[in-house]
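**Q**
In the working numbering, the protein residues as written are -13 to 753.
(1) Kindly indicate which three-state DSSP category residue 386 falls into: helix, strand or coil?
(2) Using C-beta distances below 7 Å, list every residue in its chain close to residue 391, excluding the 5 sequence neighbours before and after it, in chain order.
(3) By DSSP, does residue 360 sit in helix, in strand, or in coil?
(4) Opposite residue 506 in the DSSP bridges: which residues?
(5) For residue 336, which residues from the same chain have a beta carbon less than 7 Å from its beta carbon, with the 5 sequence-adjacent residues on both sides left out?
(6) Got a sec, what are the start and stop residues for the beta strand (DSSP E) residue 699 sits in?
(7) Pick helix, strand or coil for residue 668, following the three-state DSSP scheme.
(8) How is residue 181 classed by DSSP in three states: helix, strand or coil?
(9) Could you check what DSSP says for residue 572 in three-state terms: helix, strand or coil?
(10) Please report the distance separating the alpha-carbon of residue 491 from that of residue 447.
(11) I'd like to know whether the C-beta atoms of residue 697 and residue -5 end up nearer to each other than 7 Å.
(12) Taking the Cβ atom as the reference point for each residue, do residue 520 and residue 424 lie within a distance shorter than 7 Å?
(13) Considering only residues of the stretch 44 to 109, which uninterrupted beta strand (DSSP E) runs meet the minimum length of 3 residues and lie entirely inside it, listed in chain order?
(14) Closest to residue 738 by C-alpha separation, out of 710, 680 and 720, would be which residue?
(15) Could you please give the first and the last residue of the uninterrupted beta strand (DSSP E) stretch that includes residue 264?
(16) Is residue 413 buried or exposed, if buried means 16 or more other CB atoms sit within 10 Å of its CB?
(17) Classify residue 687 as buried or exposed, calling it buried when 16 or more other Cβ atoms lie within 10 Å of its own Cβ.
(18) Pop quiz: residue 726 and residue 179 are said to be a contact at Cβ under 8 Å. What is the actual Cβ separation, rounded to whole angstroms?
(19) May I ask which residues mark the beginning and end of the beta strand (DSSP E) holding residue 518?
(20) Quick one: grab the DSSP three-state call for residue 477.
(21) Which whole-angstrom value is the C-beta distance of residue 206 and residue 383, which I expect to be below 8 Å?
(22) Starting from the N-terminal side, write out each stretch of the alpha helix (DSSP H) that is 4 residues or longer and does not extend beyond the stretch 365 to 438.
(23) Would you decide whether residue 692 is buried or exposed? Buried here means 16 or more other CB atoms lie within 10 Å of its CB.
(24) Three or more C-beta pairs under 8 Å: does that hold for the stretch 269 to 288 against the stretch 322 to 332?
(25) Between residue 235 and residue 631, which are expected to be in contact by the criterion C-beta below 8 Å, what is the C-beta distance as a whole number of angstroms?
(26) Near residue 284, what residues of its chain come up, given a Cβ to Cβ distance below 7 Å and the 5 sequence neighbours on each side ignored?
(27) Distance, Cα to Cα, residue 286 vs residue 624?
(28) So, do the stretch 629 to 649 and the stretch 546 to 559 have three or more beta carbon pairs nearer to each other than 8 Å?
(29) Residue ranges of each beta strand (DSSP E) run of no fewer than 3 residues wholly in the stretch 683 to 752, ordered along the chain?
(30) Under the DSSP definition of a beta bridge, which residues are partnered with residue 609?
(31) Which of the three DSSP states, helix, strand or coil, is assigned to residue 148?
(32) Let's see if you can read the secondary structure: which residues bound the alpha helix (DSSP H) around residue 488?
(33) Please report the distance separating the alpha-carbon of residue 239 from that of residue 651.
(34) Does the pairing of the stretch 98 to 116 with the stretch 474 to 488 give three or more beta-carbon distances under 8 Å?
(35) Quick check: the Cα distance between residue 140 and residue 196, rounded to an integer number of angstroms?
(36) So what's residue 310 in DSSP terms, helix, strand or just coil?
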């Protein structure tokens, strides 16, 4: 297997996509022994009557092709449809202690879970348990709590709308709003930062806007790996001559040059399309200075009488322009260029691109959200768009490129630790119980409760919570304080091995598999990153007769925990139309006639008021909001300090590791690397391939340290380095986060290079 091969660094100089992507797709189908089955499944992925891709949340195009998947979607499906199985014999072979020594990649490659398991402390092994006993154990632990607030209910973005809605109802009927959610660790600044600005915590564009845009900015987002299907939109825009400005600390291969795997001519001639018309090689944390520099250019031009601001839009629809202008104009270019790492000339050049465009889209990813001021940073993106009226017209708007397939939908249907009173009132009226009103826990607050011993039960609806969260050593210890941990999952992961005194693994029907109940075949619904809701119907037989649909798991857990509940859980368990009718009752503005609308093969869009130039803010206006200063992270006075951004490899989806390779960055057979500017390396006496350790710069008395990392000469800005997560999560302190959203500042961790004491395998540096 690849993990046994020699680590190698071989810089990649070819276009992204193309034959490399086609070959990787075929390879993963063969590796998982599903070449025929997987190929059949790919024909149904993202198609009307088929199932939604279990990976990213990028929408389907308005006019679909025969093949609507990307390389990483194929990997997700292949690993979901794999022939590899984890049976009771597997757990007889390995203790949990032994499994903890295995890599995340090794765990992933063991295959699908096939029956429910319970942890046996005496043997340190998971042993089979029947479903009734598993639900009885959950109910026993939950009913034994002194307070419902001693339980934490986590949700992964793969959870479908129907399941998430009922999960939220069950937890609130149980008596708490503790909903740590995967969005807390990625796009929560979108959910919390944008509403005060534009009235909603979602993107405002639809797919057709890419066809009308006159300029596209992509900021802090590695599109070719994290949302590869978006590359088609960027390629088509570039062919029309639309300028695409990339702002990122790392030059990502797909946003430099890309070959469309479905373009017969390009594939046949080995052609490609240059994507970025301008690459802005920003320092980590320098985006705010770039945005303020661009706004300064706009205000200067307006003062010269050039009328670059949309004054009619600003007058009718916005508030706060004078305060914003006063903030922007007080900064000197010397400070803007120093903090951003970008020359005044380049900032003026990209500002000119923006000013010449009558319709601009700004797309962003976690390179913007995962900072200490991530929520307010996004408000500056909105400010920039508002200055030229780039909302509510074709080809314009803000576009958070969310990662997980239904993370936005989960939020929409109730997975929220800070629910509104309107929602709670409707839940009360629809279900006949009084839901709790106090705010619950987000992810970091949940870990704090575990550390303090006030949390006793953790229920994970999908995902790999413990591997995704910061401060690994502290978080592991906190999780082990619990009385019960439950993981609903398709595959084994680290979250099942770092567990409480009691622990359950509950295997679930996958997105690509058929859901059958007494009422017949059921389907679920998914909301994509542009608020389009579509149906998802599996096409494969379930992996085992002993796996259950997510919705049934929620209903049976509710029945075991709330024996006196008046909610008809048994009915919802078999007829998902009843759930959709209840969603429509609780959300009448956006889900009216849900059951009828979803019959449309292409789904339907939820209402996004800014698309209509309607602003659901307290003052009824879109608001220019001020973020004083030019840096989005607190300064650290250590001249040897570097800013570390944790990143994903190309063979990775969130915490799921598909291989130990990262083709576009040239890394093979290892994940223990950091990418560093060659001048920063020389300053520290480092050569390409040297082994180093990294230590967090922190004054809380805790030493956070990762050793055995090969340093690689890579075109990073001075003072910036990057490395893979979750391997580098131990360096991210729990208290290093955005105060508004609670999102960890994983894109700007202050670290020092220290001498390595590890005997790491040498990495081969290819010519």
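Backbone N, C-alpha and C define an ideal beta-carbon position, used for all residues, glycine too.
**A** According to the structure shown:
(1) strand
(2) 38, 39, 40, 41, 42, 43, 143, 144 and 512
(3) helix
(4) 503
(5) 231, 264, 266 and 280
(6) 691 to 699
(7) helix
(8) helix
(9) helix
(10) 11 Å
(11) no
(12) no
(13) 103 to 106
(14) 680
(15) 264 to 266
(16) buried
(17) exposed
(18) 6 Å
(19) 518 to 522
(20) strand
(21) No, residue 206 and residue 383 are not in contact; Cβ-Cβ is about 17 Å, not under 8 Å.
(22) 393 to 398, 407 to 417 and 429 to 438
(23) buried
(24) yes
(25) 6 Å
(26) 294, 295, 337, 341 and 373
(27) 36 Å
(28) no
(29) 691 to 699, 706 to 710 and 735 to 741
(30) 305
(31) helix
(32) Note, residue 488: premise wrong, no alpha helix (DSSP H); beta strand (DSSP E) at 488 to 493.
(33) 8 Å
(34) yes
(35) 34 Å
(36) helix
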